[in-house]
Amino acid sequence: MRLFGKIAVALLVVFSALAPALAADDSLRDIVSGFADARNFSQTEKIVTQLGKTGDPAVVPLLEALGEGDLRVRKEDRAVFIAKGKGTVTLLDPLTREAVGSATERELTKIKVNNSLRRSIRDTVGGLALMAAAPEKRKAAASTLFANPDPAALDAIETAMAAEKDPAVAESMAAARAAAIVYSDRPDIEKSAAIEIIAGIGSRDALALLSSLEARSQGELKEQAAAAIARANRTLAFWEMGQNVWYGISLGSVLLLAAIGLAITFGVMGVINMAHGEMVMIGAYVTFVVQELIRTSAPGLFDWSLAIALPLAFLTAGAAGFAIERGVIRFLYGRPLETLLATWGISLILQQAVRTIFGPTNREVGTPSWMSGAFEIGQITITWNRLSIVIFALAVFFILLWALNRTSFGLQMRAVTQNRRMAASMGIRTPMVDAMTFALGSGIAGIAGVALSQIDNVSPNLGQGYIIDSFMVVVFGGVGNLWGTLVGALTLGIANKFLEPYAGAVLGKILVLVFIILFIQKRPRGLFALKGRAVEA
Amino acid sequence: MISRYLFENGLSPRILALVAVILAAAIILPALNLALPESHPLHVPTYMISLIGKYLTYALLALSLDLVWGFCGILSLGHGAFFALGGYAMGMYLMRQIGPRGVYGNPLLPDFMVFLNWKELPWYWSGFDQFWFAALMIVAVPGALAFVFGWFAFRSRVTGVYLSIITQAMTFALMLAFFRNDMGFGGNNGLTDFKDILGFDIQADTTRAGLLAASAVALALGVIVTARITGSSFGKLLIAVRDAESRTRFLGYRPEMVKLFAFTTSAVMAGVAGALYVPQVGIINPGEFAPANSIEVVVWTAIGGRGTIIGPIVGALLVNAGKSWFTGALPELWLFALGGLFVLVTLFLPKGIVGTLQEIAASASERRKARKADAEAVDGEQASPVGAE
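Protein chains in written order, with UniProt numbering: chain A, 1 to 537; chain B, 1 to 389.
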């Protein structure tokens, strides 16, 4: 008996603990089953609102299914299920989403939705997401509410704000609240506080909010809104400039990657290497082949594919460069214009070879997981792959600079370019140094190809798109000077991106080309010209 | 009278023969097309007439490049730009000739402008309904561009490779510009669907034959102009600038003026070539500005033999005939063949086909002379045993 009593007490405790949960679930089910009896859209909408008021994230999938027209009622017992597809469909419990049986389409009736209903479903889901467990989801919900402010969601936002622990999420909720207040009929004091918050954000959405408020309000509030607009405009302009600089650096780093190999072959050796773009293309195709091999034989290594491709691309393109130098270019030293023609011929052959082997269409090169995604600094969105390319370009640049200035090969190379005969009489094998220098320049173009495969189409025409830009960078920066190439690439990249908003992408590019043509008139030897007394012919 | 003029001004027999051959082609080919029935074995089909006419305009383009590159040492990688500008000027005239027969039937605006919802003709299109104005522009626009470009480039002594690269940038920039729809030149699609030229139906056999004859006459004129320039004392100056620019400057000449003259003349020739090219192929689009096209012209010239007058013509005809054959028979191999030609010609035939042949001929006649001299020397020896060692 005593034992019995204890068990009874224990059971009671357990039940009383479970009861509210069960009760909540039951009440949810009650509301959901109401869908079966809804006669028209406004009744359905009432149920949606009711579900929203429970504040329980468990109803989100159900609401989403309703919005997509996948919530159906079984005709025989008026029970509500989520059911997707046609013909015989699996029935899912609307709350737990467990499979509870199947039915043919005929046995079910769809719960109909219209556009206004869909909107209210979206709003409800948005409000519920403010209570989601994951902070990113809450933040995303707050940002959505900020972009589409809704005074009706004000209560939900304030409840969520009160419960919020994460300061970053709380901040975006405050922004969402401010946006909602602007559209609500709250007193002017609250509105003026909201204006301050919104002006501090200074994004385009904020600007739109403020201008609509300015249009609707009078007196002091209007003045305050106008002042806030000016402030937001300034913030916006600042970030826009930051964004342009970032885009410019990003473009500049691409130009730098494409041009840096040319800075060796053209800048240091004086060989007009029109096949330079094809070396970039070879690098990109090496990446493609490496990824294909990894996909078929070792899928786990995919994140390492670029790291594996880098040395291979360097060696492949370098070997191609070596072969070109030994086979063709060494016979043409001192005849720069003819080198240009011969290397152009080589570029045609390489392009056609790649087209024959890999086909004329674009090949897909995947992005490793660590390079996808983005993060934000203020209002600037920075994608990881662009950032990686900027860092990579700078790394290549400095490694090359080190190799030229601090290694014995670099020393020999500089000796040969400065005074070939003297270098030869010092015992340097000048023909070998020439070949290795050309191979180095080509190899660097190859690793540029690995990076550029991430942002460009890998096709036989890949190289052609870069060749003119590369020459522009090297000529603008000054032949024979790596620093010139760096400054040239970044300058042209940033100039291009700053012109784009005013002139459009194509016209911006044309202006940059015209600028370079004019610049060469002024300084025929580029930005950082080598000083000397040599005069040709 | 014309022949007297030509002879008296010292055109070499070789050039006169070339001009005669070109003019004969201008008469014979159309005749074989028009006068003979299709069943006749010597009948030249109309597509062939258009093809040869196109090649002749290419030959003129190659010749114009030869004037600056072969004789003056300026490697222009942007000659396709002058060609395309001449072509666009002609294309604009042909567009205006369509009149209300376009798809949209607008009497004033070309179809693409109607399509883009333009309401009136842009100012730079006015006048192009008159042939004389279009003809003037065909010469003036490429000439003016070359003059301005050359004025800046040569005065600031941009030479060699740098000049090649900025000419390439020039044609690239023009290509990008002409691709833009708001430029008012038909954007991506360019100008096409031409109906008639000077009142003649552009599709008719007679018109095509006439265009071929016109191209041949233009080429012959180009040959005469080039020969007159290079044969004169000014031609010597051109070659001096090519071979030793600084030395020429130190001798008191102004190489920039010499170059500017050659460059502008050459651009005008290229523009005329482009203008004759467009009605024969029936379209002009921004692709003609592509840097690759200009480089291909350089190859024709190099293969034929730069620094000769016959060379670029032979090169343009041979390479393009080869291209037509290859792209028909072995399309995948054409780029291999063209690329291989680039490499082989620069390595083994730096003077091109004609240049090498001339060299062989020259050395043969040298040897003949030497043998003759030897023989005379032997004779002399026999005559007087006491003599040279």
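Backbone N, C-alpha and C define an ideal beta-carbon position, used for all residues, glycine too.
In angstroms, rounded to a whole number, what distance separates the CA positions of A/I382 and A/S305? Answer to the nearest angstrom: the Cα atoms are 23 Å apart.
Along the chain, which unbroken stretches of the alpha helix (DSSP H) at least 4 residues long are found entirely within the region 53-102 of chain A? 60-67
Am I right that A/M281 and A/V354 are in contact with their C-beta atoms under 8 Å? What's the rounded C-beta distance? 6 Å
Straight-line CA distance for B/R228 to B/I309? 11 Å
Leaving aside the five residues before and after A/A23 along the sequence, list all residues of the same chain whose C-beta is less than 6 Å from its C-beta, in chain order. Per-residue confidence for A/A23 stands at a pLDDT of 49, beneath the threshold of 50, marking its modelled position as unreliable; no derived number is given.
Listed by chain order, chain B residues near A/K509 by CB distance under 7 Å: L176
Tell me, please, which residues DSSP counts as bridged to residue 551 of chain A. Within the shown structure, residues of chain A are numbered from 1 to 537, placing residue 551 of chain A beyond reach of any answer.
Any beta carbon from chain B within less than 7 Å of A/A237's own beta carbon? no
Beta-carbon within less than 6 Å of A/G242's beta-carbon, same chain only, minus the 5 sequence neighbours each way: which residues are those? Non-local beta-carbon contacts of A/G242 in its own chain, meaning distances under 6 Å to residues more than five positions away in sequence, involve I380 in chain order.
So, does the CB of A/P336 fall closer than 7 Å to a CB anywhere in chain B? Chain B contact via Cβ: present.
Applying a beta-carbon distance threshold of less than 8 Å, which residues of chain B neighbour A/A415? The premise fails here: A/A415 is roughly 23 Å from chain B at the closest Cβ pair, so nothing lies under 8 Å.
According to a CB-to-CB cut-off of less than 8 Å, which residues of the region 166-200 of chain B neighbour chain A? I166, Q168, A169, M170, F172, A173, L176, A177, F179, R180
Beta-bridge pairing of residue 393 of chain B - partner residues as DSSP gives them: Nothing about residue 393 of chain B can be reported from this structure: the residues present for chain B run from 1 to 389 only.
Contacts around A/A178, its chain only, beta-carbon distance under 6 Å, and the 5 residues preceding and following it disregarded: A194, I197, I198
With burial defined as no fewer than 16 other Cβ atoms inside 10 Å of the residue's Cβ, what is the status of B/H40: buried or exposed? exposed
Is the region 71-83 of chain B touching the region 167-186 of chain B, taking contact as three or more C-beta pairs under 8 Å? Three or more beta-carbon pairs separated by less than 8 Å link the region 71-83 of chain B to the region 167-186 of chain B, which places the two stretches in contact.
Indicate whether at least one CB of chain A lies closer than 7 Å to the CB of residue 391 of chain B. Lying outside 1 to 389, the shown extent of chain B, residue 391 of chain B is not represented and no answer is given.
Check whether chain A comes within 7 Å of B/T346, counting only Cβ atoms and requiring the distance to be less than that. B/T346 counts as touching chain A.
Hey, is A/A342's beta-carbon within less than 7 Å of any beta-carbon in chain B? Cβ-Cβ to chain B under 7 Å: yes for A/A342.
Apart from the five residues on each side of it in sequence, which residues of its chain come closer than 8 Å, Cβ to Cβ, to B/I353? I303, G304, G305, G311, V314, G315, L318
Within the 7 Å Cβ cut-off, does A/I357 reach chain B? no
Is it buried or exposed, B/D111, if we count other Cβ atoms within 10 angstroms and call 16 or more buried? buried
If you draw a straight line from the alpha carbon of A/E295 to that of A/F375, how long is it in whole angstroms? The sequence shown places Arg at residue 295 of chain A, not Glu. For A/R295 and A/F375, the distance between alpha carbons rounds to 28 Å.
Check whether chain B comes within 7 Å of A/F438, counting only Cβ atoms and requiring the distance to be less than that. no
Find the nearest neighbour of B/Q97 within the set B/L191, B/F234, B/I197, B/A218, judged by alpha-carbon distance. Of the candidates B/L191, B/F234, B/I197, B/A218, the one whose C-alpha sits nearest the C-alpha of B/Q97 is B/I197.
Provide the residue span of the beta strand (DSSP E) that contains A/T109, from first to last. 108-110
Among all the DSSP beta bridges, which residues are the ones paired with A/R363? A/V458
Compare the Cα-Cα distances from A/V169 to each of A/S184, A/P187, A/P135, A/D155 and report the closest residue. A/P135
Take the Cβ of A/Y502 as the centre, count every other Cβ of all protein chains shown within 10 Å, and call the residue buried at 16 or more, exposed below. Exposed is the call here.
Complete runs of the alpha helix (DSSP H) confined to the region 230-283 of chain B [at least 4 residues]: 233-243, 245-250, 255-281
Less than 6 Å between C-beta atoms, sequence neighbours within five positions excluded: which residues of the same chain meet that for B/L91? Correcting the residue type first, residue 91 of chain B is Gly in the shown sequence and not Leu. Here the set comprises L191, V278, I284.
Do you know offhand how far B/D201's Cα is from B/D193's? In a straight line, the C-alpha of B/D201 is about 12 Å away from that of B/D193.
Contact list for B/P291 against chain A, beta-carbon separation under 7 Å: By Cβ distance, chain A contributes I468.
Any C-beta of chain A sitting closer than 7 Å to the C-beta of B/A262? no
What does the alpha-carbon distance come out to for the pair A/A21 and A/S27? Its pLDDT being 47, under 50, A/A21 is placed unreliably by the model, and the measurement read from it follows with that caveat. A/A21 and A/S27: Cα-Cα distance of roughly 10 Å.
Note down, in chain order, each residue of its chain lying with its Cβ closer than 7 Å to the Cβ of A/V89, except the 5 sequence neighbours on either side. So the qualifying residues of the chain are A83, S102, A103, E105.
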